[in-house]
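J.: Dropping a structure here in C-alpha cells format, bear with me for questions.
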Amino acid sequence: MSFKLLVVYQSRDGGVQKVVDAFTCGVALAAEQGTCKIDVEIRHPLDTEASDVIAAHALVLATPEHFGSMAGATKHFFEEIWYACLDETVGKPWQLIVKAGTDGTGAIQSVERLAKGLQWAQFRPPLHVIGDITETDTNNAIELGASLAASIELGLV
Ligand SMILES: Cc1cc2nc3c(=O)[nH]c(=O)nc-3n(C[C@H](O)[C@H](O)[C@H](O)COP(=O)(O)O)c2cc1C
Numbered sequence: 013m014s015f016k017l018l019v020v021y022q023s024r025d026g027g028v029q030k031v032v033d034a035f036t037c038g039v040a041l042a043a044e045q046g047t048c049k050i051d052v053e054i055r056h057p058l059d060t061e062a063s064d065v066i067a068a069h070a071l072v073l074a075t076p077e078h079f080g081s082m083a084g085a086t087k088h089f090f091e092e093i094w095y096a097c098l099d100e101t102v103g104k105p106w107q108l109i110v111k112a113g114t115d116g117t118g119a120i121q122s123v124e125r126l127a128k129g130l131q132w133a134q135f136r137p138p139l140h141v142i143g144d145i146t147e148t149d150t151n152n153a154i155e156l157g158a159s160l161a162a163s164i165e166l167g168l169v
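Numbering (my numbering), first residue to last: 13 to 169.
Written as C-alpha cells, this is what we have:
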C-alpha cells in the first residue's frame, strides 16, 4: 500500500527548510521500518493546487511567521485552494510547523483558524520553533515525522 504525504512549505532564509528536512528525515526513518510506502511530495505553496491537497493522504504545512501571521505564500495557498477543498478535504489529517524569530503564535493561530474552517484533523499540536534551531528542535522534528509515518502505517490517521 502506498500513501502520499504532501509537505507544503516556504522558507526565505532557510530556517523552515531545516526543520522540514529534519521532519522528512523522521518520516523516511520510520517508513524504512514499515511495510507501507509513504511518498513524500514537497511543494512550495505557490506551486500547490487544491487537487494536490485532495489527492494527499495527509498534509504538512510549514511556514515562518511574517508580521504576526502565516507568511504570504502560505496565505495565498489557502486563498487558492479554499473553495475547491471546502467539501472535498473534510477530516484530512494535517500537521503544522511554524518557525519564528521571537514569537510564532500569530502564525499558528492564523493557520489553525483556516484549517478548522476546512474541518481538517490536526495530527499533533504545532511544532513551534523560536529563534536559533537547537538540537532539541531538530530531534522534535525527526520524532514528529517518524510518529506521523508510523501512525499512517498503523492506519491511525
Ligand atoms: C518580513 C519578515 C517578517 C517577520 N515577522 C516576524 C514576526 O512577526 N514574528 C516573529 O517571531 N518573527 C518574524 N520574522 C522572523 C522569521 O519568522 C524567522 O526569521 C523565521 O525563522 C524565518 O524563517 P525562514 O528562515 O525559513 O525564512 C519575520 C521575518 C521576516 C523576513
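Cβ coordinates follow ideal geometry from the N, Cα and C atoms, glycine included.
Give me the residue from 149, 164 and 138 with the minimum Cα distance to residue 73.
T.: 138
J.: Could you tell me whether the Cβ atoms of residue 21 and residue 109 are closer together than 9 Å?
T.: yes
J.: Quick one: is the Cβ of residue 20 within less than 8 Å of any heavy atom of ligand 1?
T.: no
J.: So, helix, strand or coil for residue 160, using DSSP?
T.: In the three-state reduction of the DSSP assignment, residue 160 falls in the helix class, which pools H, G and I.
J.: From 43, 84 and 30, pick the residue whose C-alpha is nearest to that of residue 162; which is it?
T.: Among 43, 84 and 30, the Cα nearest to that of residue 162 is on 43.
J.: Whose CA, out of 131, 125 and 46, lies closest to the CA of residue 167?
T.: 46
J.: Please report how far the alpha carbon of residue 122 lies from the alpha carbon of residue 133, in whole angstroms.
T.: 16 Å
J.: Can you look up residue 60 in the DSSP assignment and give me helix, strand or coil?
T.: Looking at residue 60 - three-state DSSP - the assignment turns out to be coil, as it is neither helix nor strand.
J.: My output table needs one value for residue 88: the three-state DSSP class, helix, strand or coil.
T.: helix
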